[in-house]
Structure formats: C-alpha cells, structure tokens
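There are 2 protein chains.
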Amino acid sequence: MDAARLAATSPVDTAVSSIAAAIAKPARTRMLYSLMDGHARTGTELAIVGDVSPSTASVHLARLKSENLVKVFVQGRHRYYSLAGPSVARALERLSVLAGGPRRPFVPHTPEPLRAARSCYDHLAGAIAVSLHDHFVRSRWLESGRGNARTGAYVLTSAGTRAFATLGLDLDQARALRRRFAYACLDWSERRPHLGGALGAAFLALALSRMWLAREYDSRALTVTRIGHREFRTRFGLEF
Amino acid sequence: MDAARLAATSPVDTAVSSIAAAIAKPARTRMLYSLMDGHARTGTELAIVGDVSPSTASVHLARLKSENLVKVFVQGRHRYYSLAGPSVARALERLSVLAGGPRRPFVPHTPEPLRAARSCYDHLAGAIAVSLHDHFVRSRWLESGRGNARTGAYVLTSAGTRAFATLGLDLDQARALRRRFAYACLDWSERRPHLGGALGAAFLALALSRMWLAREYDSRALTVTRIGHREFRTRFGLEF
DNA sequence: CCCATACTTCGTTTACGGTCAAAGCATGGA
DNA sequence: TCCATGCTTTGACCGTAAACGAAGTATGGG
C-alpha cells in the first residue's frame, strides 16, 4: 500500500481528536456523565461534579460547548447545561462500554424527595409543581401573555384572579413586587414548566403557612404533609 | 442536590477519560480510523498513517494496546495491529458522527488491484491467493502439519507432491531452502489464510515465469494476464 | 441604587505527554 | 555466523493545557 494513500488525513479525524480530547479529562468526563441522566445542571453544580473550582469549571464548560457536546439554557443568573443531543449520549454510552462499565444506570437518579417537590429559589418545583402548573393552565386561571414564547410570561385571567383570591393569596401584594409576576419556569427534573415569579412565590409561601408542605432540614426538598395530600387532591385534582 | 452525591465519581469515569485520551491525539486518531476498514496494519504502516516516526508510533500503539483499543498479531518480524473488537469500531463510529462526518466510508478501501492479487514478501496474496489456498486444501494437496494451530504449518500430501511436480514446480529446490516449507499466512485484506513459505514463493515464481501474473511497476500489486485467467480457471477452478 | 449571586476572564504556575534520534532487541533469511 | 529489517526503549526537549485565586461582568431582587 502506498504511503501517500495511507497518510491521507480526513478533516473528520482532527474533529474526532478534539472531541475525544474534550471528553478525555476526568473533570469533564464526570460532568458529561452526570448529564447522562437527562437533567440540566448549573455551572456551579457541575463544578462540584467535576471536583474543580467554579472558574475551572467555566473553562471546561466553554470547551464542551465549543465542541457541541453540551448546550446551555440561560435562565436568570443561572446557566443550565445539558447534553447537546442524543448522539452525544450515544457516543458516551459506547465509550462507557469500552471502559468496562457495561451497564451504568443512565436513568434519572435525582433523589426521589427532590423529584417530587422542592423549592426553586422561592417557588415550588418538582413533579407536584408541574402538575399544579398544568392544572392552572387547564382551568384557564393562567393564559399565555405577551412574549410568552420568549419570556414564558403568563397573565392571570379573571377566573384565576377569583380562584387565587379564594385560596387566600394576596394578589395585590404579589403584583406590588418589582419582579415578574408569573412565568413558565422550566423544571429540570421533569423537563416541563412549572409556575415561577411573584405568583409562584406567593403560592409556595401559602402552601408552607397552611402546612401543605414542610421544608427539609438542609436541602431544597419539600415534604407533602397529610393535610397537603388532601388539599392538593381536592382543590387541584392532584393524584399521588 | 447535595454536593456529596454530585461529586461521587465512578471508576468507570476515569476509565472513560483515559480511553478518550488515547483516542484524542491526531496521530492515534488517524491510526484507529485507518483500521476501521477491518485490515490489520504493521507498526511501520501505522507510523505513516499517523504521520509520525516509527519510534513515536511504537509508543502510540503501546498506549492503544494498553487501553485495549487495538490487538496485535505477531507474524515474523511484523506486528499486525487491528481494532480490538466490534465495540471499539462502534465507539469510533459514534464519535465520527459527533465530528460531523455522518457517513464516512467504513468499507474496505484497499485499492482493488491490491485486493485481487499482490505479493506478500515473496509469495502470492490477495483474493486469488486465498482461493488458491482453499483449492489446495480442498484437493488434499496440503494437510495440516504438526503444530498447525500455532505455526500454521502444512505438509504436502503425495497427491500434492504429484500435482505441484506436474505443474513444473521444483519441490526439491524448495525444500532445500532453510525456511518454512509451507504454512498458512494470514491474508489481511481477505482475513483468511493464503499459502506462504518456500512452496508459496515457488508458486509465485512459477506463475510469473509462465506469465499468469505480471508485476505492477512500483507496487506489490499483481495483474492477472489473459493466460493467467485461463490457467487459474482450468487448473484450479477459480472464478473471476 | 446597591447588594448578592452566578459565572467568566485573566495571569501565573505546574505538569503531563508528544516528539525525535540514537541505541538496543528480536526475527528471518543467506 | 552474519546481516537486514521491524520494532521498542531511552533520554532530552518542548508545547499544550489544566489548575487556582483574584478581579471583572451580568442578572435579579430589595
């Protein structure tokens, strides 16, 4: 076989090299595989995953992004990173096979309590929050506002105003805050929206004061109380 | 999500890191992808492929071997490297998808003339050589000798002795050479054995002198002449 | 307007590993 | 026994990039 032919280099080769190099460092490997569960994570979380400082993590994530291994979703001050697509997951899967870990659990492994209910800043998140959000929309308490596609903004309908007032929410106080009133906040364990903004915060505050939910000692997890079970079922049709 | 859980590192992660690192350098990437066609290549050939010196290639190949990405088959002074298994090919395939080369031709791309017939040191190789080998064995001209499993040694049967003598081969001269008389030499484009050793060399010399085959100007490729077509078909039942 | 949080950029240090030539084996063939 | 070939080992050199803290930027919320 002639040398010229053997030495011919495809541009794909160099691309593969740099992609493999992007995967190759332990910190980045850990970050990528932690994202295999389908959850998005913030830069700070991934710094912990990678066991490096936030600044180092930032560099790593920039690299992963430039190689199109992850995509980023900016929400407020947070940057949520997730795998760029199924093809990335498949490639990582194949590599893990070579690594002799034939079966690693690529299933979501968010702790159950956190998946069910947790706080997201000052509002409610998790499976329950997503169900509630769906109920609010289905009941026409909330409707898409201007620029909903971009900002996720919701407006409260008259039915919604009555309903939340009946619950005991102080809507005037919520509106007085200089912050977004209601918007669709992507829930990153459920991958569907839940209710954020002043209204979401007010609802969480109400649920806590009514003892529908209780805060866990040192995490963002929330527990649904016996009362909460009953109220969520009767008032909002939630099934547990 | 608590930090301890996020920071938990699986041993698979570090294995993936080092495997990815092994793939990551351009020289090694080129070597690996050149092996995707299923052909084994010698260290020297892979040095050319990787565009590095033989000594550097040796280091690279040692690394690929230690990561179980390639396996090596020693034949004489040559070390034939090939992908360690289908799982390696699959992983490389996935990576090339990420690299944006969705479809690269992972089919054998040995130049056709070389696939058909070429010299292997001093004997005949390629598709024709494999067919001939099969004919010799099927016709009971050759039978497995002592240690065939290890050395691939063949012994000539009395039928074989008569047949080759009839062809005009000087078997005594071939036997007089201080080299292996006949053995199964792995054909790396066909991945099946062809006839090597003194007998194989004598056969090639005969075929050339009878004008069944003609050498190409500057490669190992051999051309089957019109006469060769007829003779190979009538004498050995080869189909073209 | 100001603070707090999340993340990025910068500058420096450090270390890993890729590279080659030269010398050292090992094998095959004369 | 000797040489030629194929491959590996060694040793010196150099370049890339990973790491951190500190300083800078951006966003949200009071």
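Here the protein sequences come in this chain order: P and Z. Counting from 16, one number per residue, gives the positions in the first sequence under the numbering used here. Counting from 16, one number per residue, gives the positions in the second sequence under the numbering used here. We put the beta carbon where it would ideally sit given N, CA and C, even for glycine. Since the structure is predicted, the reported quantities are computational estimates derived from the model, not experimental observations.
Label residue i either buried or exposed according to how many other C-beta atoms from any shown protein chain fall within 10 Å of its C-beta, with 16 as the threshold for buried.
i      : result
R45/P  : buried
A191/Z : exposed
A174/P : exposed
D202/P : buried
G65/Z  : buried
S111/Z : buried
I242/Z : exposed
P123/P : Below a pLDDT of 50, predicted positions are generally treated as unreliable, and P123/P, at 43, falls in that range; the measurement from the model is reported next regardless. P123/P is exposed by the Cβ-count criterion.
A142/Z : buried
V74/Z  : exposed
R177/Z : exposed
V31/P  : buried
A77/P  : exposed
A180/Z : exposed
R109/Z : buried
R118/Z : At R118/Z, the pLDDT of 46 sits below 50, so the modelled position is not reliable and the matter cannot be decided from this model.
Reducing DSSP to helix, strand and coil, say where residue i ends up.
i      : result
V122/P : Because the pLDDT at V122/P is just 44, under 50, the model does not fix this residue reliably, and the point stays unresolved.
V170/P : strand
P69/Z  : helix
S111/P : helix
G175/Z : helix
D262/Z : For residue 262/Z there is no data in the structure shown, the boundaries of chain Z being 16 and 255.
F255/P : coil
K40/P  : coil
L76/P  : helix
E82/Z  : coil
G211/Z : strand
F218/Z : helix
F247/P : helix
S159/Z : strand
G91/Z  : coil
A35/Z  : helix
A197/P : coil
L184/Z : coil
R56/Z  : strand
D202/P : strand
S97/P  : strand
L50/Z  : helix
R133/P : strand
T240/P : coil
L192/P : coil
R45/P  : helix
D17/P  : Only weak support exists for where D17/P lies, its pLDDT of 42 falling under 50; the value from the coordinates is given anyway. D17/P falls in the coil class under three-state DSSP.
R225/P : coil
For residue i, collect the residues of the same chain with a Cβ closer than 6 Å to its Cβ; drop the 5 residues on either side in sequence, then sort them by chain order.
i      : result
F88/Z  : Y95
V67/P  : A42
G212/Z : R195, F196, A197, Y198
T29/P  : none
F247/P : L253
I34/Z  : E82
Regarding residue i and the ligand ZN, is the C-beta to nearest heavy atom distance less than 7 Å?
i      : result
G175/Z : Within the structure as shown, the ligand ZN is missing, as the structure has no ligands at all.
Please go through the same chain and pick out, in chain order, the residues whose beta-carbon is closer than 8 Å to the beta-carbon of residue i, but skip the five residues on each side of it.
i      : result
T240/P : M226, W227, L228, A229
T57/P  : H93, R94, Y95, Y96
L79/P  : A37, R43, M46, L47, V85, Y96
A132/P : L139, A140, G141, A142, I143, A144, L228, A236, L237, T238, V239
G49/Z  : According to the sequence provided, residue 49/Z is Ser. The question's Gly does not apply to it. Excluding sequence neighbours, S49/Z sits near R56, L61, V64.
Q188/Z : A217
Out of the options, which one is the CA nearest neighbour of residue i?
i      : options                        : result
H244/P : R177/P, L147/P, V152/P, A189/P : L147/P
A217/Z : L50/Z, H75/Z, A72/Z, D137/Z    : D137/Z
L219/Z : R105/Z, L139/Z, L110/Z         : L139/Z
A222/P : E60/P, G183/P, H150/P          : G183/P
S134/Z : G215/Z, R105/Z, T181/Z         : G215/Z
H150/P : R105/P, F251/P, T181/P         : F251/P
A168/P : V152/P, D185/P, E82/P          : V152/P
P26/P  : L113/Z, D52/Z, T249/Z          : L113/Z
G91/Z  : C200/Z, P101/Z, R105/Z         : C200/Z
Grab me the residues of residue i's own chain with a C-beta within less than 7 Å of its C-beta, minus the 5 sequence neighbours each way, in chain order.
i      : result
V103/P : L84
A62/P  : S68, P69, A72
T59/Z  : P69
A99/P  : N83, L84, V85, K86
Does the segment 33-50 of chain Z come within contact of the segment 145-156 of chain P, defined as at least 3 CB pairs closer than 8 Å? As far as the Cβ criterion goes, the segment 33-50 of chain Z does not touch the segment 145-156 of chain P, which means the pair count is below three.
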